[in-house]
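S.K.: Just so you know, the numbering used here puts 813 at position 302 of the sequence shown, and the rest follows in order with no gaps.
Note that CB positions come from ideal geometry on N, CA and C, so glycine has one too.
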Amino acid sequence: MSTRKIYQSTRSALLTASPAQAVMEGIAPDGGLYTLPSFADAGFDYQAALSLDTLDMGAMIMTALLPDFTLEEMTALVRAAYRNKFETADLTPTVTVGEDALLELFRGPTSAFKDVALSLLPHLMRASVKKCGCDDEILILTATSGDTGKAALEGFCNVPGTRIIVFYPENGVSAVQKAQMVTQTGKNVCVCAIRGNFDDAQTGVKNIFHQVQEQNLLAGQSIRLSSANSINIGRLAPQVVYYFTAYKEMVAAGRIRMGETLDYAVPTGNFGDILAGYIAKQLGLPVGTLVCASNANNVLTDFLQTGCYDRRRPFHLTISPSMDILVSSNLERLLYLLTGDADIVKGLMQDLQEKGHYQVSDALVKKLHSDFWAGFCDDDGTRDTIGQIWREHHYLCDTHTAVAWNVAQQYKAARPAHRPVVVLSTASPYKFPEAVLRSLGISQEGNGFAAIAQLEKITGVPVPQNLRGLDQRPVLHRDVIDQAEMLKYVLKKAEEKQWNK
512 MSTRKIYQST RSALLTASPA QAVMEGIAPD GGLYTLPSFA DAGFDYQAAL SLDTLDMGAM
572 IMTALLPDFT LEEMTALVRA AYRNKFETAD LTPTVTVGED ALLELFRGPT SAFKDVALSL
632 LPHLMRASVK KCGCDDEILI LTATSGDTGK AALEGFCNVP GTRIIVFYPE NGVSAVQKAQ
692 MVTQTGKNVC VCAIRGNFDD AQTGVKNIFH QVQEQNLLAG QSIRLSSANS INIGRLAPQV
752 VYYFTAYKEM VAAGRIRMGE TLDYAVPTGN FGDILAGYIA KQLGLPVGTL VCASNANNVL
812 TDFLQTGCYD RRRPFHLTIS PSMDILVSSN LERLLYLLTG DADIVKGLMQ DLQEKGHYQV
872 SDALVKKLHS DFWAGFCDDD GTRDTIGQIW REHHYLCDTH TAVAWNVAQQ YKAARPAHRP
932 VVVLSTASPY KFPEAVLRSL GISQEGNGFA AIAQLEKITG VPVPQNLRGL DQRPVLHRDV
992 IDQAEMLKYV LKKAEEKQWN K
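In structure tokens:
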């Protein structure tokens, strides 16, 4: 890929940024998301990438996606980000479960797939700021449906030149996820609950970016906003890598031959993880169908089947809370990549904001169907699936992985001539121990944290070290606000000279 390649807003071809600028800024000034016009013209040699070890493969892919950085620079960033942080040397192992395979993305420092990207993003952010010649402090704003928050806090904790504020829905995350966040130490971290759901938190963060930019609210403070959500291309790009690692392991295991296509089933909320698979496909990796798995908040299922995106529906609090989302931000990038027309995307996003829904053309629906298949699984189906996988395969999975597994089986039944399927496993079952215990038909003893020890005793599956003793750690973050207070809260925090003294 030529180093002249630049990113642009999904809503305007005139708003451009270098790759480093796109990482530093996080979101485009018009509220659009930064993307290359296409990732398919990179001239990327996917087989050469597959011949490398995990870290070198990651550096090669990241350099193709963010060509401001040389391969040497990116290799140094990747090695600094991942060395000795994950449970396994290959970071994201692929294991066989029945006739399918599970890509375990939860072997990092916070036991969720977000660790893959958020271990690298702080290093990438600092390097991008330096490359852009910027001396401002970077204030990271992040909305989380559960896992992004802790992974971002862990990644940016005490990183010089940065501060981070994480907003989460007060009653929309698991007890373990909440405890991970509110006990986070660090002089540059802040956690705040929102009275509302994840969409409220995410919309609030996006509005803050727009208002600060439009009204120049941080003028003279030498502070620049950025994001650790997958709206930031620097967060999304590292997730492309594990599609390659899974493919490599499936070839090595003899499940496919080099060049054959592989299907992936992805538990999906904000559409970032599955979009990373689409980008991998554009880079040349033989990706077949991307199976989009939703929970009861099945707005994406309906869209991918019909072309109508309609957020005007009940919001369900489920046992797979990281997928409790009705406005999937990264879908905007896919719409641009499929249409190549920023004006169309801008119009669709305006319809979504003003009317609560939009409809794409029949031609675009046809394109969607050529790459994606969609289904959903409610809480009852999720519980049944966790129990079934444990009984039949003695494999313990979390509630989000179970949704993807269930929908993968729906996909295989609908398409008997399917290719081998890799199911993305996005979190440790110990992040949702109460729901997993119930799914195994076991009555919970004691409080939610006692369920962790109970689940380990019954199954023999080890608890990740980072989740042990969570309930014994002091709570350091207690703020709870309304969505309408988010901007005021951020501006106040920006003025403070020091947090968590």
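Does the pairing of the region 552 to 571 with the region 750 to 767 give three or more beta-carbon distances under 8 Å?
M.R.: Yes, the region 552 to 571 touches the region 750 to 767.
S.K.: Do you know offhand how far W1010's Cα is from L728's?
M.R.: Numbered from its first residue, the sequence shown carries residue 1010 at position 499. Numbered from its first residue, the sequence shown carries residue 728 at position 217. Looking at the two C-alpha atoms, the distance is approximately 20 Å.
S.K.: Please specify which runs of the alpha helix (DSSP H), each continuous and at least 4 residues long, are wholly inside the region 541 to 596, giving them in chain order.
M.R.: Listed in chain order, they are 557 to 561, 565 to 576, 582 to 593.
S.K.: With burial defined as no fewer than 16 other Cβ atoms inside 10 Å of the residue's Cβ, what is the status of T812: buried or exposed?
M.R.: Along the sequence shown, read from residue 1 onward, the residue named residue 812 stands at position 301. Buried, since its Cβ has 16 or more Cβ neighbours within 10 Å.
S.K.: Look up W884 in the DSSP assignment and say whether it is helix, strand or coil.
M.R.: The residue given as residue 884 occupies position 373 in the sequence shown. Strand.
S.K.: For M512, does the three-state DSSP call read helix, strand or coil?
M.R.: Here the question's residue 512 lines up with position 1 in the sequence shown. Its pLDDT being 35, under 50, M512 is placed unreliably by the model, and the measurement read from it follows with that caveat. Three-state DSSP puts M512 in coil, outside helix and strand.
S.K.: Quick check: the Cα distance between Q688 and L987, rounded to an integer number of angstroms?
M.R.: Counting from one through the sequence shown, the residue named residue 688 turns up at place 177. Counting from one through the sequence shown, the residue named residue 987 turns up at place 476. Between Q688 and L987, the C-alpha separation is close to 15 Å.
S.K.: When the Cα of L602 is compared with those of V752, Q994, F943, Q976, which residue comes out closest?
M.R.: For the purposes of this step, residue 602 is taken as residue 91 along the sequence shown, with counting starting at 1. Checking every option, the nearest Cα to that of L602 belongs to V752.
S.K.: Please work out which residues of its chain come closer than 8 Å, Cβ to Cβ, to S733, disregarding the five sequence neighbours upstream and downstream, and give them in chain order.
M.R.: Within the sequence shown, numbered from 1, the residue matching residue 733 stands at position 222. Within the same chain, S733 has close Cβ partners D646, D647, E648.
S.K.: Suppose the cutoff is 6 Å on Cβ atoms and the five residues either side in sequence are ignored; what does the same chain contact list for L863 look like?
M.R.: On the sequence shown, position 352 is the one that residue 863 refers to. Same-chain partners within the cutoff: Y869.
S.K.: So what does V802 bridge to, in DSSP terms?
M.R.: Start at 1 with the first residue of the sequence shown, and residue 802 comes out as number 291. Answer is A776, W884.
S.K.: For P944, count the other beta carbons within 10 Å of its own beta carbon; 16 or more makes it buried, fewer makes it exposed. Which is it?
M.R.: The sequence position of residue 944 within the sequence shown is 433, counting from 1. Answer is buried; the Cβ neighbour count reaches 16.
S.K.: What are the boundary residues of the beta strand (DSSP E) that Q816 is part of?
M.R.: Here the question's residue 816 lines up with position 305 in the sequence shown. Where Q816 is concerned, there is no enclosing beta strand (DSSP E), although the alpha helix (DSSP H) it sits in stretches over 810 to 817.
S.K.: Give the DSSP-derived three-state secondary structure of P680 in the structure shown.
M.R.: Here residue 680 is taken as the residue at index 169 of the sequence shown, counted from 1. Correct three-state label for P680: strand.
S.K.: Straight-line CA distance for F550 to M573?
M.R.: The residue labelled residue 550 in the question sits at position 39 within the sequence shown. The residue labelled residue 573 in the question sits at position 62 within the sequence shown. Approximately 12 Å, taken between the alpha carbons.
S.K.: How would you call E536, buried or exposed, if buried means at least 16 neighbouring beta carbons within 10 angstroms?
M.R.: One-based indexing of the sequence shown puts residue 536 at position 25. Classification of E536: buried, given that the 10 Å Cβ count is 16 or more.
S.K.: When you compare the CB positions of G795 and V871, do they come within less than 8 Å of one another, or not?
M.R.: Residue mapping note: residue 795 aligns to position 284 of the sequence shown, counting from 1. Residue mapping note: residue 871 aligns to position 360 of the sequence shown, counting from 1. No.
S.K.: Please work out which residues of its chain come closer than 6 Å, Cβ to Cβ, to A531, disregarding the five sequence neighbours upstream and downstream, and give them in chain order.
M.R.: In the sequence shown, counting from the first residue as 1, residue 531 sits at position 20. For A531, where only same-chain residues beyond five positions count, the Cβ hits under 6 Å are D579, S639, K642, C643.
S.K.: To which residues of the same chain is I742 closer than 6 Å at the C-beta, ignoring the five residues directly before and after it?
M.R.: Here residue 742 is taken as the residue at index 231 of the sequence shown, counted from 1. Excluding residues within five positions, the ones whose Cβ falls inside 6 Å are I538, L544, S840.
S.K.: With DSSP run on the structure shown, which of helix, strand or coil describes S639?
M.R.: The residue given as residue 639 occupies position 128 in the sequence shown. The answer is helix: DSSP assigns S639 an H, G or I state.
S.K.: Tell me, please, which residues DSSP counts as bridged to A623.
M.R.: Along the sequence shown, one-based indexing puts residue 623 at 112. Paired residues: A938.
S.K.: Tell me, which residues are paired with L948 by DSSP?
M.R.: To locate residue 948, count along the sequence shown from 1; it is residue 437. According to DSSP, L948 bridges with nothing at all.
S.K.: Between the Cα of Y593 and those of E956, L635, K999, S529, spot the shortest distance and give me the residue it belongs to.
M.R.: For the purposes of this step, residue 593 is identified with residue 82 of the sequence shown, where counting begins at 1. If we check each option's Cα against that of Y593, L635 comes out closest.
S.K.: Three or more C-beta pairs closer than 8 Å, one from the region 947 to 967 and one from the region 922 to 936: is that the case here?
M.R.: Touching, no.
S.K.: Cα-Cα, which of T605, M585, T937 is closest to A764?
M.R.: Mapped onto the sequence shown, residue 764 falls at position 253. If we check each option's Cα against that of A764, T605 comes out closest.
S.K.: Put V716 into one of helix, strand or coil per three-state DSSP.
M.R.: The count along the sequence shown starts at 1 and reaches residue 716 at position 205. Helix at V716.
S.K.: Buried or exposed: where does P825 fall if 16 or more other Cβ atoms within 10 Å of its Cβ makes it buried?
M.R.: By 1-based counting over the sequence shown, the position of residue 825 is 314. Burial call: exposed.
S.K.: Starting from E615, trace the alpha helix (DSSP H) in both directions and tell me its first and last residue.
M.R.: As a working mapping, residue 615 is identified with position 104 in the sequence shown. Here E615 belongs to no alpha helix (DSSP H); instead the beta strand (DSSP E) covers 611 to 615.
S.K.: My guess is that A739 and L629 are in contact by the Cβ rule of under 8 Å, so how many angstroms apart are they, rounded?
M.R.: On the sequence shown, residue 739 is found 228 positions in, with the first residue counted as 1. On the sequence shown, residue 629 is found 118 positions in, with the first residue counted as 1. Sure, about 6 Å apart at Cβ, within 8 Å.
S.K.: With A938 and S622 assumed to form a contact (beta carbons below 8 Å), what rounded beta-carbon distance in angstroms separates them?
M.R.: For this step, residue 938 is matched to residue 427 along the sequence shown. For this step, residue 622 is matched to residue 111 along the sequence shown. Right, the Cβ-Cβ distance comes to about 6 Å (below 8 Å), so this counts as a contact.
S.K.: Buried or exposed, going by whether 16 or more other CB atoms sit within 10 Å of the CB of K866?
M.R.: Taking the sequence shown and counting its residues from 1, one reaches residue 866 at position 355. When all chains shown are included, K866 counts as exposed.
S.K.: Consult DSSP for D891 and reduce its assignment to one of helix, strand or coil.
M.R.: Along the sequence shown, one-based indexing puts residue 891 at 380. Reduced to three states, the DSSP call for D891 is helix.
S.K.: Can you tell me whether H634 is helix, strand or coil according to DSSP?
M.R.: Numbered from its first residue, the sequence shown carries residue 634 at position 123. H634 falls in the helix class under three-state DSSP.
S.K.: Excluding the 5 residues flanking L773 on each side, which residues of the same chain have their C-beta closer than 7 Å to its C-beta?
M.R.: Here residue 773 refers to the residue found at position 262 when the sequence shown is read from its first residue. Hits under 7 Å: Y758, M761, I767, P797, V798, G799, R930, P931, V933.
S.K.: Which of the three DSSP states is assigned to T607 in this structure?
M.R.: In the sequence shown, residue 607 corresponds to position 96, counting from 1. T607 falls in the strand class under three-state DSSP.
S.K.: Rounded to a whole number of angstroms, what is the C-alpha to C-alpha distance between E681 and T829?
M.R.: Position 170 of the sequence shown holds residue 681. Position 318 of the sequence shown holds residue 829. Roughly 14 Å separates the two Cα atoms.
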